[in-house]
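Numbering (the working numbering), first residue to last: 2 to 380.
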């Protein structure tokens, strides 16, 4: 589970002091117990993931809508400034370029690729990520029961599911064990995370669905299948949060929103400024064409939504639950177009995802300085 196990010692106040040590995900040693979450569109691509990996944590490249990368220079066909169809939206050549440029930064340190299970052409995009050089495949927004089959020709690649319940982990482990490959780790995501949630709207604020409540039973389930590390995600902000969640059984944490507040983050300056300007009451839950509730910053797009219309035309065909625009019209916006606009810095039409604590971000720092801060005990 961990190459160097967490050491619990008592400090002068009699409280347990948790040392932050690295973890092993299969054959890959991550020097510091921090995973940078995969954030699309274009929030975690080569610059962010490469610099996170360079500084001893696990950098994660998002495979979502890579067609937007570098002004869509790899896209063969576009309509109204949007990548046309799934092949262009999830662009293989762009994903290869992202990995190549990340490797220039971090060398051979481990890199993960996050592939949302709800996307169209999921299996092809996973294969693209493998061919591009991903060491670890991370998947959420569904049960990726087919993932062991997809990586069978890449024995060194580890697979990591994102779950929000012990039941989901049980189903995955049962299927994956039968297929001959177990998780390299599991990410346990609570309902304070940014973007798409793994719980229904009415469950998001219920005590029994919070990270602190779901982690112990998931740890119990993990123990039945092995000792692969548990990575906790959702609402973790500082060193105290990291140690508190580790005290409940996590071996590492995943953080997304905090990494948006870095110079190296691939997000537009507009997106970063939206986050810097956000107040606590600006962070809201919205419906999504993906079929899950999402957490985002209230901007013009959200304030002017017109649900249940037939105005939105599907161009990129990005996620299968949307059914070529039916879901988009049901909630009032296209997820690919709106996240793409956020990446392009279009304030009026962009969708700006954020974790529940995003309003606490007050400055932009370098990745190295953020990681140093997270690893430093708070007085």
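Beta carbons: idealized from backbone N, C-alpha and C, even for Gly.
{"Item": "Short check: CB of residue 200 to CB of residue 272, under 7 Å?", "Value": "no"}
{"Item": "Name the two residues that bound the continuous beta strand (DSSP E) containing residue 24.", "Value": "24-26"}
{"Item": "Count the CB pairs spanning the stretch 129-149 and the stretch 181-191 that are closer than 8 Å, and state whether there are at least three.", "Value": "yes"}
{"Item": "Use the C-beta contact count for residue 61: other C-beta atoms within 10 angstroms, 16 or more gives buried, fewer gives exposed.", "Value": "buried"}
{"Item": "Please state the DSSP three-state secondary structure of residue 217.", "Value": "helix"}
{"Item": "Which word fits residue 52, buried or exposed, when buried means at least 16 other C-beta atoms lie within 10 angstroms of its C-beta?", "Value": "buried"}
{"Item": "Which of the three DSSP states, helix, strand or coil, is assigned to residue 197?", "Value": "strand"}
{"Item": "Hey, quick one: how far does the alpha helix (DSSP H) through residue 331 stretch, first residue to last?", "Value": "327-332"}
{"Item": "Roughly how many angstroms lie between the CA atoms of residue 377 and residue 71, to the nearest whole one?", "Value": "36 Å"}
{"Item": "Helix, strand or coil for residue 335 per DSSP?", "Value": "coil"}
{"Item": "Need the endpoints of the beta strand (DSSP E) that residue 29 sits in, please.", "Value": "29-31"}
{"Item": "For the beta strand (DSSP E) that residue 37 lies in, which residues bound it at each end?", "Value": "35-37"}
{"Item": "Name the residue from 111, 317 and 67 whose alpha carbon lies nearest to the alpha carbon of residue 98.", "Value": "67"}
{"Item": "Roughly how many whole angstroms lie between the Cα atoms of residue 230 and residue 260?", "Value": "22 Å"}
{"Item": "Output yes or no for whether 7 Å exceeds the beta carbon distance between residue 1 and residue 322.", "Value": "Given that the chain is displayed from residue 2 to residue 380, the structure contains no residue 1 and the question cannot be resolved."}
{"Item": "Would you grab the beta carbon distance between residue 256 and residue 38 for me? Rounded to a whole angstrom, and I think it's under 8 Å.", "Value": "6 Å"}
{"Item": "Looking only at its own chain, which residues have a Cβ that is under 8 Å from the Cβ of residue 310, when we skip the five neighbours before and after it?", "Value": "330 and 333"}
{"Item": "Report buried or exposed for residue 307, applying the criterion of at least 16 other Cβ atoms within 10 angstroms of its Cβ.", "Value": "exposed"}
{"Item": "Specify, as a first and last residue, the run of the alpha helix (DSSP H) that residue 107 falls within.", "Value": "93-107"}
{"Item": "Could you spell out where the beta strand (DSSP E) holding residue 1 opens and where it closes?", "Value": "Lying before the first or after the last residue shown, residue 1 is absent from the chain, which here runs from 2 to 380."}
{"Item": "Distance check for residue 237 and residue 244, CA to CA, integer angstroms please.", "Value": "10 Å"}
{"Item": "Would you list the one or two residues that DSSP bridges to residue 253?", "Value": "232"}
{"Item": "Between residue 55 and residue 24, which are expected to be in contact by the criterion C-beta below 8 Å, what is the C-beta distance as a whole number of angstroms?", "Value": "The pair is not a contact, with the Cβ atoms about 18 Å apart (cut-off 8 Å)."}
{"Item": "DSSP beta-bridge partners for residue 84?", "Value": "79"}
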